[in-house]
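The structure under discussion appears below in the form of structure tokens.
In our numbering, the protein residues as written are 5 to 321.
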């Protein structure tokens, strides 16, 4: 028999299941459409049926537990609470609903926390006790590890660094605040920066050929690689804001490293160089040259399910 932890990544569009062994190998992967318009109980039953079907087809799998990464996931309560990208109203008691189908540990947290635990189990943070994961995607998330333990805070929602103010009285954020890190350093924030620069600098740029809805961070990187000055400036501005922000984030936990994960991180040094430059320029002297800023070592395609499955192995420890 092969001991398996199921990692479930719940997104606004799709829900992905990974059947992962202790080494971090995803032996089976299934993706379904996230149908959050159905009832909460019906959705939990749908998730359970997918897991049961795979276990029936793979009789060598021995299920040890299920880990779930979800937007606004509360580790303490096992609930998804008021998630803006899902159609469920209010609070979804997902762990309790799943326990009606399985007699194994079931753990739920938000996707950035899951990614941090995945980094600690399978990625570049193996052996680290203090680090911070920053996820750069449609939004910005973070998972904070102190003394080898995930920081959940009093109510299970610690670590919302993406909704900390990076620019005073800055851009309007979907959360209702202004100037959140997410509005500048997410993939969508980079597109907003590109169009602001287009309106400010009258220089030739291939980015001007794209509408707001058709431009993304990958295109910006590709044009920066070709030498497009405006595209390069997008990464420079993004790196400056993120680097300055991380220099402040150091103060409350003194991490060994920051790990950056997500689509924009694929740009490599085009993003990392300005982040590191402004980080060191703004950090307190007692921290200078001590803290690493690294790209995540989790594979982009499997990171979410690896992180979710790692919740099980961490719990079993």
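Ideal placement from N, C-alpha and C gives every residue a C-beta, glycine not left out.
- Cβ-Cβ separation between residue 134 and residue 150: approximately 6 angstroms, consistent with a contact (criterion under 8 angstroms).
- Ranked by Cα distance from residue 267, the first of 236, 164, 189 is 189.
- At a Cβ-Cβ threshold of 8 angstroms, residue 122 and residue 310 count as neighbours.
- Non-local C-beta neighbours of residue 84 in its own chain, meaning closer than 6 angstroms and more than five positions away in sequence, comprise 74, 76, 77, 96, 98, ordered along the chain.
- Under the 10 Å beta carbon count, residue 265 is surrounded by 16 or more other beta carbons and is classified as buried.
- The beta-carbon separation of residue 24 and residue 48, rounded to 21 angstroms, does not stay under the 8 angstroms limit for a contact.
- 8 angstroms or more divides the Cβ of residue 143 from the Cβ of residue 200.
- For the 8 angstroms CB-CB criterion, residue 305 and residue 275 do not form a contact.
- Under the three-pair Cβ rule at 8 angstroms, the stretch 275-293 does not count as touching the stretch 169-178.
- Distances from the CA of residue 52 to each of 20, 89, 93, 27 were compared; the closest alpha carbon is that of 20.
- Of the other Cβ atoms in all chains shown, 16 or more fall within 10 Å of the Cβ of residue 227; this residue is therefore buried.
- By the criterion of a C-beta distance shorter than 6 angstroms, residue 209 is surrounded in its chain by 232, 234, once the five residues flanking it on both sides are discounted.
- Residue burial annotation: residue 225 is buried, with at least 16 other C-beta atoms found within 10 angstroms of its C-beta.
- Residue 88 is classed as exposed because its beta carbon has fewer than 16 other beta carbons within 10 Å across all chains shown.
- Around the beta carbon of residue 139, 16 or more other beta carbons lie within 10 angstroms, which makes this residue buried.
- Distance from the CA atom of residue 163 to the CA atom of residue 13, rounded to whole angstroms, is 19 angstroms.
- Beta-bridge partners of residue 9 (DSSP): 24, 69.
- For residue 268, there is no enclosing beta strand (DSSP E), as DSSP marks it with neither H nor E.
- Residue 37: member of the beta strand (DSSP E) spanning 30-37, first to last residue.
- For residue 140, the enclosing beta strand (DSSP E) begins and ends at 135-140.
- Ranked by how close their Cα comes to the Cα of residue 158, the residues 79, 259, 308 have 79 in first place.
- For residue 93, no alpha helix (DSSP H) encloses it, and the DSSP letter there is neither H nor E.
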